[in-house]
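Some notes on the structure that comes next.
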Amino acid sequence: MAGPGPGLWWGWLLGAVCGAGGAWELTLLHTNDVHARVEETSRDSGKCAGGAGGCFGGVARRAAKVKEIRSGGAPVLLLDAGDQFQGTVWFSYFKGREVARFMELLRYDAMTLGNHEFDNGVEGLLDPLLKNVKFPVVSANIKASRQLASNITGYFSPYTILNVGTEKVGIVGYTTKETPVLSDPGMHSFYTSINCPDYCMLEKIKFYLLGKNGFEK
Numbered sequence: 019m020a021g022p023g024p025g026l027w028w029g030w031l032l033g034a035v036c037g038a039g040g041a042w043e044l045t046l047l048h049t050n051d052v053h054a055r056v057e058e059t060s061r062d063s064g065k066c067a068g069g070a071g072g073c074f075g076g077v078a079r080r081a082a083k084v085k086e087i088r089s090g091g092a093p094v095l096l097l098d099a100g101d102q103f104q105g106t107v108w109f110s111y112f113k114g115r116e117v118a119r120f121m122e123l124l125r126y127d128a129m130t131l132g133n134h135e136f137d138n139g140v141e142g143l144l145d146p147l148l149k150n151v152k153f154p155v156v157s158a159n160i161k162a163s164r165q166l167a168s169n170i171t172g173y174f175s176p177y178t179i180l181n182v183g184t185e186k187v188g189i190v191g192y193t194t195k196e197t198p199v200l201s202d203p204g205m206h207s208f209y210t211s212i213n214c215p216d217y218c219m220l221e222k223i224k225f226y227l228l229g230k231n232g233f234e235k
């Protein structure tokens, strides 16, 4: 929701999910608000000069950490909660194609859409990103307008179900309802609440909500 922040938010969660067959361990890797930080940056998002201040973020560092955790043997999902767009000259020049390229190389499992994904309108989301990624893009609270439905329908879905080892994991996405005020999504509607799909009723599927709602400092 916010503009380019002071750095790259990067976290991972190791959880034991209890199912019919007992505890099941799943590692969730999560990014959000990357904002075209392809290269590493200083603590205040300036040019990385090394030294005592250190360098942070960047695709190379993220890829190395993902590879390290995936090599541990436990099931891993790599997810993104949106706002990959906007923030550096990488986006200014490539308009989001760099996002598709690097997210595919890192083998993301799913992402949802942040408000900044609509900064260049629907076409600026479709052509650079949605048409160029193989992983599912999810958002359950976007209703495509009648005029634009044919343009965007089919390139994202409310949720996806992933096969992770012997288990099924559902990922439900949502996008901040403030998107029409913050960005340029055209005539699409963004609902405050979402209805849990019928799959939420299935006990054998573990569901996670992936989204970005913003917060006030």
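Reading the sequence shown from the start, the letters are residues 19 to 235 in the numbering used here. Where is the CB? At the ideal position from N, CA and C, for every residue including glycine.
Quiz item: To which residues of the same chain is Leu144 closer than 6 Å at the C-beta, ignoring the five residues directly before and after it?
Solution: Mapped onto the sequence shown, residue 144 falls at position 126. Around Leu144: no qualifying Cβ.
Practice problem: Could you tell me which of Ile189, Ile170, Thr184 and Gly172 sits nearest to Thr178, measuring between CA atoms? | Solution: Position 160 of the sequence shown holds residue 178. Per the Cα distances, Ile189.
Quiz item: Closest Cβ-Cβ distance between Arg115 and chain B: below 7 Å?
Solution: This model lacks chain B altogether; it includes just one protein chain.
Quiz prompt | Endpoints, the alpha helix (DSSP H) within which Leu96 is located | solution = Counting from 1 along the sequence shown, the entry for residue 96 is found at position 78. Run containing Leu96: none in the alpha helix (DSSP H); it sits in the beta strand (DSSP E), Val94 to Asp98.
Exercise. Taking only the alpha-carbon atoms, compute the straight-line gap between Thr184 and Val94 and give it to the nearest angstrom.
Key: Position 166 of the sequence shown, counting from 1, holds the residue named residue 184. Position 76 of the sequence shown, counting from 1, holds the residue named residue 94. Going from the Cα of Thr184 to the Cα of Val94 covers about 13 Å.
Quiz item: So, helix, strand or coil for Gly229, using DSSP?
Solution: The count along the sequence shown starts at 1 and reaches residue 229 at position 211. Three-state result, Gly229: strand.
Quiz item: Leu243 and Leu96: beta carbons closer than 7 Å?
Solution: As shown, the chain starts at 19 and ends at 235. That puts residue 243 outside it, with no answer to give.
Quiz item: Which same chain residues, not among the five before or five after Cys66, have their C-beta less than 6 Å away from its C-beta?
Solution: Locating residue 66 in the sequence shown gives position 48, where the first residue counts as 1. Cβ neighbours of Cys66 beyond the five flanking positions: Glu58, Thr59, Ser60 and Cys73.
Practice problem: Specify the secondary structure class of Val155 as computed by DSSP and reduced to three states. | Solution: Taking the sequence shown and counting its residues from 1, the one referred to as residue 155 is at position 137. In the structure shown, Val155 sits in a strand (DSSP, three-state: E or B).
Quiz item: Hey, would you say Gly204 sits closer than 7 Å to Val140, going by beta carbons?
Solution: Translated into the one-based positions of the sequence shown, residue 204 becomes position 186. Translated into the one-based positions of the sequence shown, residue 140 becomes position 122. Cβ distance < 7 Å, so Gly204 and Val140 count as in contact.
Quiz item: Quick one: what does DSSP say Met129 is sitting in, helix, strand or coil?
Solution: For the purposes of this step, residue 129 is taken as residue 111 along the sequence shown, with counting starting at 1. Note: Met129 maps to strand in three-state DSSP.
Quiz item: How would you call Ala41, buried or exposed, if buried means at least 16 neighbouring beta carbons within 10 angstroms?
Solution: Against the sequence shown, residue 41 aligns to sequence position 23. With fewer than 16 other Cβ atoms within 10 Å, it is exposed.
Quiz item: With burial defined as no fewer than 16 other Cβ atoms inside 10 Å of the residue's Cβ, what is the status of Lys224: buried or exposed?
Solution: Looking up residue 224 in the sequence shown gives position 206. Lys224 should be labelled buried.
Quiz item: What are the residues that DSSP puts in a beta bridge with Val182?
Solution: Counted from its first residue, the sequence shown places residue 182 at position 164. Per DSSP, Glu185.
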